[in-house]
Amino acid sequence: MISERCAACKNQRRKCPSDCIFSPCFPANDPQKFACVHKIYGGSNVGKMLQGIPTYLREQAANALYLEAKWRIHDPVYGCVGIISSLYEQIQNAEIELAKIQTQITFYKLQTQRVEAEPNSEVLQAQSSNMEQFEWDNPTIASWFN
Amino acid sequence: MWFPLNSDAYTHTHMTHPHTFLVMKKSGGGIMKGYEPRSSSSCAACKFLKRRCIPNCIFAPYFRSDECKKFAKVHKVFGASNVSKILVEVPEDQREDTVNSLAYEAEARLRDPVYGCIGAIALLQRKMLELQHDLAIAKDRLARYSAVAATADATSLITSSSSSSDNIFHFNNSQVSLPPFPEFPSSSDFNDTAAFCHASSSSSQSFPRHDTTVVDDFIQIPYIF
Chain A
-16 MISERCAACK NQRRKCPSDC IFSPCFPAND PQKFACVHKI YGGSNVGKML
34 QGIPTYLREQ AANALYLEAK WRIHDPVYGC VGIISSLYEQ IQNAEIELAK
84 IQTQITFYKL QTQRVEAEPN SEVLQAQSSN MEQFEWDNPT IASWFN
Chain B
3 MWFPLNSDAY THTHMTHPHT FLVMKKSGGG IMKGYEPRSS SSCAACKFLK
53 RRCIPNCIFA PYFRSDECKK FAKVHKVFGA SNVSKILVEV PEDQREDTVN
103 SLAYEAEARL RDPVYGCIGA IALLQRKMLE LQHDLAIAKD RLARYSAVAA
153 TADATSLITS SSSSSDNIFH FNNSQVSLPP FPEFPSSSDF NDTAAFCHAS
203 SSSSQSFPRH DTTVVDDFIQ IPYIF
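See below:
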């Protein structure tokens, strides 16, 4: 049974050995993946990078390289760094908005506490006037406390 | 364009063009009159590649002679020929930004050989989801507080216009209680990020999520295209 060459070996027009480092990461059915990566990084650089990574992580590394290469082809000036920059801006704006809303919540909390406190002072005044009335009506008992 | 990482890759390159350097030497060399050392006019790229730096070297404006580390990182990840191909495709006024973004990517790739910049994007997106979640909760709380405050103001207007003092006591004795908050998903549970996307009402972007690896998430990101 003749095994099919991987996308990398097809692109490079060479024989695909059984232990080809690219074959698990760049299957033959997705030639665009290796083409993008090859255009930006070069085949040898990709091979060196994959060699320095444990085998079980190579496919994920290849996928990450593919995404970065795709974004760099789409935006040759900023690549995926443009996305990072715009995410940072979005996060900054969201943090500012959150801080504003939390300030407003604190303001409302303080206002609510103030409203709850003011009626209590009026109640106390009313109670003290009631006490005075009580002392007037019951001078004997009131004198016990003096 | 703002480059967020604090890295020596982000020092602005104010490269003195070799031509300008030669003019300066002719106009007032002083001590160095008549002596032009070849190595000092080479850019970092040509120094690294051990070749003569020609006057219109494409790397010279962006890799100063003292920025060898910057070029070394870019060369390790991308390769000199690929970098020059990218620079040639880009207008001259944008080449400095291009070099800086390449240096940033190379730095990120060397720090994280598996995910590179994708790892940084993943972290930022998760932070963004956290913030959207917190914003949704905060906006809901603010709406409740402002509704309560509006009710309290309306009630105080009614009681102040009334002549009966008993109304004051009724107002004072009334218990102002806030309705319970709805249960939001825990902010520490990021495995089920689809719940956050549905719970968030402030963001117009939706990130279709899969409970798989970091890289698989970004294959679904649509906004770049």
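Quick mapping for you: the protein sequence lines, in order, are chains A and B. Position 86, counted from 1, in the first sequence is what this note's numbering calls 69; the numbers after and before it change by one each time, with no gaps. Positions in the second sequence are counted from 1; adding 2 to them yields this note's numbering. Glycine residues also receive a C-beta, built at the ideal position from the N, C-alpha and C atoms. Given the structure is predicted, the values throughout are model-derived calculations rather than measurements.
Local conformation of residue i per DSSP, three classes
| i | result |
| --- | --- |
| A/Phe9 | coil |
| A/Cys3 | coil |
| B/Ala110 | helix |
| B/Glu132 | helix |
| A/Lys(-2) | coil |
| B/Arg81 | Going by the sequence as given, residue 81 of chain B is Gly instead of Arg. Coil. |
| B/Cys55 | coil |
| B/Ser158 | helix |
| B/Cys48 | helix |
| B/Ile60 | coil |
| B/Asp142 | helix |
| A/Ser69 | helix |
| A/Glu(-13) | coil |
| A/Cys63 | coil |
| B/Ser103 | helix |
| B/Ser67 | coil |
| B/Ser176 | Unreliable positioning characterises B/Ser176 in this predicted model, as indicated by a pLDDT of 47, which lies under 50. A coordinate reading is not provided. |
CB contact check: residue i to chain B, cutoff 8 Å
| i | result |
| --- | --- |
| A/Thr95 | yes |
| A/Asn12 | no |
| A/Ile84 | yes |
| A/Asn28 | yes |
| A/Pro59 | yes |
| A/Ala51 | Position check: residue 51 of chain A holds Glu in this sequence, whereas Ala was assumed. It does; some Cβ of chain B falls within 8 Å. |
| A/Val20 | no |
| A/Cys8 | no |
| A/Cys(-1) | no |
The ligand ATP heavy atom lying under 7 Å from the CB of residue i
| i | result |
| --- | --- |
| A/Ser69 | Of the ligands one can find in the structure shown there are none, so the ligand ATP has no counterpart to examine. |
Any C-beta of chain A under 8 Å from that of residue i
| i | result |
| --- | --- |
| B/Asp136 | yes |
| B/Val79 | yes |
| B/Phe186 | Reliability fails at B/Phe186, whose pLDDT of 37 lies under 50, so the model's placement of it is uncertain and the value that follows must be treated cautiously. Not closer than 8 Å to any Cβ of chain A, the Cβ of B/Phe186 fails to qualify, so no. |
| B/Asp95 | no |
| B/Arg128 | no |
| B/Leu144 | yes |
| B/Lys52 | no |
| B/Ser86 | no |
| B/Glu91 | yes |
| B/Val156 | Contrary to the premise, residue 156 of chain B reads as Ala rather than Val in this sequence. Judged by the 8 Å Cβ criterion, B/Ala156 is not in contact with chain A. |
| B/Tyr147 | yes |
| B/Val150 | yes |
| B/Lys49 | no |
| B/Thr100 | yes |
| B/Leu133 | yes |
Delimiting residues of the alpha helix (DSSP H) encompassing residue i
| i | result |
| --- | --- |
| A/Cys(-8) | -10 to -5 |
| A/Gly30 | 26 to 34 |
| B/Gln96 | That residue, B/Gln96, is in no alpha helix (DSSP H); it is neither H nor E in DSSP. |
| A/Asn46 | 41 to 57 |
| B/Val116 | Element bounds for B/Val116: n/a, residue is neither H nor E. |
| A/Ala18 | 14 to 23 |
Worksheet item: Would you call the region 80 to 97 of chain A and the region 41 to 59 of chain A touching, i.e. three or more CB-CB distances under 8 Å?
Response: no
Discussion item. Within 8 Å, do at least three Cβ pairs link the region 66 to 77 of chain B to the region 100 to 110 of chain B?
Written reply: yes
Discussion item. So if I threshold CB-CB distances at 7 Å, which residues from the region 103 to 122 of chain B count as touching chain A?
Written reply: Ser103, Tyr106, Glu107, Pro115, Val116, Tyr117, Gly118, Cys119, Ile120, Ala122
Worksheet item: Looking at chain B, which residues of the region 61 to 93 of chain A have a Cβ within less than 8 Å of any of its Cβ atoms?
Response: Tyr61, Gly62, Cys63, Val64, Gly65, Ile66, Ile67, Ser68, Leu70, Tyr71, Glu72, Gln73, Ile74, Ala77, Glu78, Glu80, Leu81, Ile84, Gln85, Gln87, Ile88, Tyr91, Lys92
Worksheet entry | Within 7 Å of chain B by C-beta, residues of the region 23 to 48 of chain A in sequence order | Ile23, Tyr24, Gly25, Asn28, Met32, Gly35, Ile36, Leu40, Gln43, Ala44, Asn46, Ala47
Worksheet item: Taking one C-beta from the region 151 to 159 of chain B and one from the region 89 to 102 of chain A each time, how about it: are there three or more such pairs within less than 8 Å?
Response: yes
Practice prompt. Take every Cβ of the region 122 to 132 of chain B, pair it with every Cβ of the region 82 to 90 of chain B, and state whether three or more of those distances are shorter than 8 Å.
Written response: no
Item to complete: Say whether the region 29 to 37 of chain A touches the region 54 to 62 of chain B, bearing in mind that this needs 3 or more beta-carbon pairs closer than 8 Å, one atom from each stretch.
Response: no
Worksheet entry | Against chain A: residues of the region 55 to 76 of chain B by CB proximity under 7 Å | none
Worksheet entry | Validate contact between the region -11 to 7 of chain A and the region 42 to 61 of chain B using beta carbons, cut 8 Å, 3 pairs | no
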